[in-house]
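So the structure is just underneath, and the comments pick up after that.
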Amino acid sequence: MSLNITNDTCTERFSKGYILAMQVAIGCTCALSLLGGALIIFTYVAYRDLRTLARQLLVNLTIADILISGSHLFGLAYNFQREENITLSSTSSHHLLSAMAHFHSAGLRSSSPCENNTTEVILSCKLQAGVTVFGTIASFLWTISMAAYLFALIVAKSRRVSKVVAVVSYPVCWCVPLVIVCVFVGESKFGYFRIADTGWCYLAGDDRATEVVGYDLWSYLAIVLLPLLYILIRCHVKIKLIKIKGLLSLRLQSAVKLADLKLMFIPLIFLLLRMWSFIIDIPLFYITDLNLREKFIRYPLTKVLIFLAGVGNSAQGFVNAILFCLFTRLVREKLTQCCWRKRDRRGG
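Residue numbers (the numbering used here): 9 to 356.
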């Protein structure tokens, strides 16, 4: 059965003011993340003494975050929702409600997502959704890889193991997302992201296996492993500091404390940015009653969570730039020197 879905379906859930506010907030966050990502890559390329293996992993994570922010920004700018007469294929209206009730599967499965008889729109939708899924999975994997690298280097005290972790990260963190996206493209798993009505495309259909492989598996893996690894690293550092605290100079103690704070903030910030998606995912995944799902989507608190999830999922690049550039003394000093040199040249 063919159903014509108009914008009225979404406006029943979200007011135009809410949609506009969410699009503006996410758009600004994406732009800041792109600038932050550019800053991280610039510092890595411009300064040789910053080209450490840890920074190399950070650059790869940044590339993944840039893909996420760039694809979200493209979806907002293109705004697939504006395409009129979106025709979606479904076997029943019951299937339609089920598909729309999922947060991460907010489109409907059809032979071609965002189908409006325009090849450009169909290809653009698939491309934007594919880049988003690819970048999201890669971002989770690179974040875990960075934690595993630091754990091997600091706790295991093995440079050899840490190098192996770094080398293995490349095929795992880039090839796994690529394979998943290729399979999803072949099986038409991408469609318009109607639940949040942000204007972009994402995973389509009510297939729970698609949701798990396309997002949930990697997000929950990260939410479990990151805190665990960083807690172990912090405990190890604390124990070592107690033994040698009297031997360290005040400046070195200050530097160690700053590094310790950074180890604490990395998992905390990750959880702060991503927890909103986790909170939404759990009830939508386990609630089987369609009416209860629809009530959950319409609940005012859910709208707040969707807003925070959209901003948080797009903000990783910006937050990483603050944490690893502005809050890192060596990088901050180099950027300050660079700015002063340019100022002196203009003054001269």
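Glycine included, C-beta positions come from ideal geometry on N, C-alpha and C.
These numbers were taken from a predicted model, which means no experiment stands behind them.
query: Can you tell me where the alpha helix (DSSP H) holding G194 begins and where it ends?; result: 167-194
query: Three-state secondary structure (DSSP) at A230?; result: helix
query: Only counting the same chain, and skipping five residues up and downstream in sequence, which positions put a Cβ closer than 7 Å to that of V189?; result: G138, V141, F142
query: Give the DSSP-derived three-state secondary structure of F198 in the structure shown.; result: strand
query: Is it buried or exposed, K246, if we count other Cβ atoms within 10 angstroms and call 16 or more buried?; result: exposed
query: Looking only at DSSP bridge pairs, what is C243 linked to?; result: Bridge partners of C243: none, in fact.
query: Candidates T310, T151, S170, Q136: which alpha carbon is nearest G199's?; result: Q136
query: Buried or exposed, going by whether 16 or more other CB atoms sit within 10 Å of the CB of E219?; result: buried
query: Just curious, the alpha helix (DSSP H) that L131 is in, first and last residue?; result: 127-158
query: Would you check if the distance between the CB atom of K134 and the CB atom of V187 is smaller than 8 Å?; result: no
query: Buried or exposed for N68, please, with buried defined as at least 16 other CB atoms from any protein chain shown within 10 angstroms of its CB.; result: buried
query: With a CB to CB cut of under 6 Å and the five nearest residues on each side skipped, what residues in its chain are close to S177?; result: S153
query: In the DSSP assignment, find the beta strand (DSSP E) that holds C209 and state where it starts and stops.; result: 209-211
query: Compare the Cα-Cα distances from C209 to each of R340, G44, F82, P235 and report the closest residue.; result: F82
query: Can the beta-carbon of T151 be found closer than 8 Å to that of I76?; result: no
query: Does the count of Cβ pairs from the segment 275-284 and the segment 315-328 closer than 8 Å reach three?; result: yes
query: Which class does D289 belong to by DSSP, given the choice of helix, strand or coil?; result: helix
query: Give the single residue among L158, R340, V191, L281 whose Cα lies nearest to the Cα of A317.; result: L281
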